[in-house]
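J.: Residue numbers (this note's numbering): 467 to 790.
The structure is reproduced here in structure tokens:
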């Protein structure tokens with residue numbers, strides 16, 4: 467029997483890193499930045515990294531490296547990019563028996579324009595990963611946990627995955643993507659009522675609730691369901707966990723960021739992996755944080771994923787305050 471099955475996108479990623487990418491503030495957009503280059507110019511690239519990504523494959527890599535029997539449900543094309551994705555997954559000892567290969571389809575592809583401070587702009591071609599349907603979700607899968615990431619906004623596929631997990635007595639972790647967030651809280655509610663762990667960043671929590679506040683307690687009231695642990699991440703400001711009775715605030719070590727791609731996947735999968743191993747919420751937050759911090763220290767969403775459990779000393783370096 468498997469320990470974890472992850473569901474979601476699998477992509478071929480290319481990271482383009484250059485000092486020439488200029489960050490220009492846009493005060494009219496709430497202090498966000500534009501990433502710019504001179505039109506018509508030739509740009510020198512300082513680093514080029516070819517790798518693979520997608521929330522489901524990134525999470526699966528965490529689980530497999532930390533010793534769990536892991537499988538992936540996803541969609542790839544029969545093109546060279548699909549072959550590259552499957553080759554890397556197999557090297558990570560991830561079971562790809564549930565991956566659907568779409569004949570003549572094009573695998574999802576992302577070009578990530580990465581500035582020297584680690585921020586990036588992603589040019590995303592969704593390819594066959596945007597076509598999730600109910601038929602892509604196997605009727606029977608046996609594992610302790612089902613870790614659901616973005617299904618391209620397909621609510622029918624999401625509902626089928628949740629129903630399948632319930633009938634097979636699997637716990638569910640859910641890290642929704644943009645498509646699921648846009649569907650809204652009402653559409654997601656039947657799934658959320660079955661979810662054991664829900665992972666969102668602060669902006670996603672605001673979008674899903676329709677409440678533009680940085681008060682995570684206020685957001686948690688609208689998002690928590692019975693039996694759920696809610697995680698809300700806030701970049702360098704740390705993360706929060708709520709379970710209906712307690713609130714945990716986890717700090718960070720303010721490590722230098724090379725690329726932030728995959729940090730959310732690393733945090734969520736690290737947390738779930740730690741809970742699977744029997745860690746309490748505080749130490750699970752620490753494991754997720756260490757996994758994310760290691761990922762942002764590398765270019766690519768998988769390069770820095772932990773391959774061994776953190777030591778007590780490493781865990782102790784992360785501050786967690788309960789009922790903050």
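We put the beta carbon where it would ideally sit given N, CA and C, even for glycine.
Within 10 angstroms of its Cβ, does residue 660 collect 16 or more other Cβ (buried), or is it exposed?
T.: So residue 660 counts as buried.
J.: Assuming residue 524 and residue 739 are in contact, meaning their beta carbons sit under 8 Å apart, how far apart are those beta carbons, in whole angstroms?
T.: No, residue 524 and residue 739 are not in contact; Cβ-Cβ is about 12 Å, not under 8 Å.
J.: Hey, quick one: how far does the beta strand (DSSP E) through residue 749 stretch, first residue to last?
T.: From DSSP, residue 749 is part of no beta strand (DSSP E) but of the alpha helix (DSSP H) over 747-762.
J.: When the Cα atoms are used, what is the spatial distance from residue 646 to residue 658?
T.: Going from the Cα of residue 646 to the Cα of residue 658 covers about 12 Å.
J.: Apply the 10 Å Cβ neighbour rule to residue 757 and answer buried if 16 or more other Cβ atoms are within range, or exposed otherwise.
T.: It is buried - the Cβ of residue 757 has at least 16 other Cβ atoms within 10 Å.
J.: Counting only runs of 4+ residues fully inside the segment 610-679, write out the alpha helix (DSSP H) ranges in chain order.
T.: The qualifying runs are 621-633, 644-649, 651-658, 668-675.
J.: Please name the residue or residues paired with residue 556 in a DSSP beta bridge.
T.: None; residue 556 has no bridge partner.
J.: When you compare only the Cα positions, how much space is there between residue 565 and residue 771?
T.: Residue 565 and residue 771: Cα-Cα distance of roughly 22 Å.
J.: What three-state label does DSSP hand residue 722 in the structure shown?
T.: Of the three classes helix, strand and coil, the one that applies to residue 722 here is coil, per DSSP.
J.: Counting pairs of beta carbons, one from the segment 567-575 and one from the segment 537-550, are three or more of them closer than 8 Å?
T.: Result yes; three or more Cβ-Cβ pairs closer than 8 Å.
J.: Using the three-state DSSP reduction, which class does residue 682 fall into: helix, strand or coil?
T.: If DSSP states are grouped into helix, strand and coil, residue 682 belongs with the helices.
J.: Report the CB separation of residue 560 from residue 536 in whole angstroms; it is logged as a contact under 8 Å.
T.: The pair is a contact, with the Cβ atoms about 5 Å apart (cut-off 8 Å).
J.: How far does the beta strand (DSSP E) with residue 469 in it reach, from first residue to last?
T.: First-last of the beta strand (DSSP E) with residue 469: 468-473.
J.: Scan the segment 545-599 and note each continuous alpha helix (DSSP H) run of 4 residues or more that stays entirely inside, going in chain order.
T.: Those alpha helix (DSSP H) runs which fall completely within the segment 545-599 and span 4+ residues are 546-557.
J.: Would you kindly report the start and end of the unbroken alpha helix (DSSP H) that includes residue 525?
T.: Counting along the chain, the alpha helix (DSSP H) containing residue 525 begins and ends at 521-531.
J.: By how many angstroms is the C-alpha of residue 491 removed from the C-alpha of residue 498?
T.: Their backbone Cα atoms lie some 6 Å apart in a straight line.
J.: Quick check on residue 479: does DSSP put it in helix, strand or coil?
T.: Reduced to three states, the DSSP call for residue 479 is strand.
J.: Express the C-alpha separation of residue 532 and residue 469 in angstroms, rounding to a whole number.
T.: The alpha-carbon atoms of residue 469 and residue 532 are separated by roughly 11 Å.
J.: Taking the alpha-carbon positions, what's the residue 663 to residue 717 distance?
T.: C-alpha separation (whole angstroms): 20 Å.
J.: So residue 781 is in the alpha helix (DSSP H); what residue range does that whole segment cover?
T.: From DSSP, the alpha helix (DSSP H) with residue 781 extends over 778-782.
J.: Would a C-beta distance cut-off of 7 Å place residue 581 and residue 487 closer than the cut-off?
T.: Yes, Cβ-Cβ distance for residue 581 and residue 487 is below 7 Å.
J.: Return the CA-CA distance between residue 613 and residue 720, expressed in angstroms with no decimal places.
T.: Cα to Cα, the separation comes out at about 28 Å.
J.: Out of 667, 692, 511, which has the shortest C-alpha to C-alpha gap to residue 685?
T.: Ranking 667, 692, 511 by Cα distance to residue 685 puts 667 first.
J.: My guess is that residue 765 and residue 513 are in contact by the Cβ rule of under 8 Å, so how many angstroms apart are they, rounded?
T.: Yes, they are in contact, since the Cβ atoms of residue 765 and residue 513 sit about 6 Å apart, within 8 Å.
J.: Does DSSP classify residue 789 as helix, strand or coil?
T.: The answer is coil: DSSP assigns residue 789 none of H, G, I, E or B.
J.: Residue range of the beta strand (DSSP E) that residue 708 falls in?
T.: Residue 708 -> beta strand (DSSP E) spans 705-708.
J.: Grab me the residues of residue 751's own chain with a C-beta within less than 7 Å of its C-beta, minus the 5 sequence neighbours each way, in chain order.
T.: Within the same chain, residue 751 has close Cβ partners 705, 707, 714, 716, 737, 786.
J.: With 16 other CB atoms within 10 Å as the buried threshold, where does residue 502 fall?
T.: The residue is exposed, with fewer than 16 neighbouring Cβ atoms inside 10 Å.
J.: Among 677, 749, 522, which one has its Cα closest to the Cα of residue 780?
T.: Cα-wise, what sits closest to residue 780 is 749.
J.: If you measure between the beta carbons of residue 616 and residue 474, is that distance less than 7 Å?
T.: Yes; because the gap between Cβ atoms is below 7 Å, this pair is in contact.
J.: Suppose the cutoff is 7 Å on Cβ atoms and the five residues either side in sequence are ignored; what does the same chain contact list for residue 550 look like?
T.: Once the five neighbours on either side are set aside, the close Cβ partners of residue 550 are 478, 518.
J.: Mark residue 710 as exposed unless 16 or more other C-beta atoms lie within 10 angstroms of its C-beta, in which case mark it buried.
T.: By the 10 Å Cβ count, residue 710 comes out exposed.
J.: Where do the ends of the beta strand (DSSP E) carrying residue 499 lie?
T.: Looking at the DSSP string, the run of the beta strand (DSSP E) that includes residue 499 is 498-502.
J.: Following the continuous beta strand (DSSP E) through residue 537, name the residue where it begins and the one where it ends.
T.: Note, residue 537: beta strand (DSSP E), 536-539.
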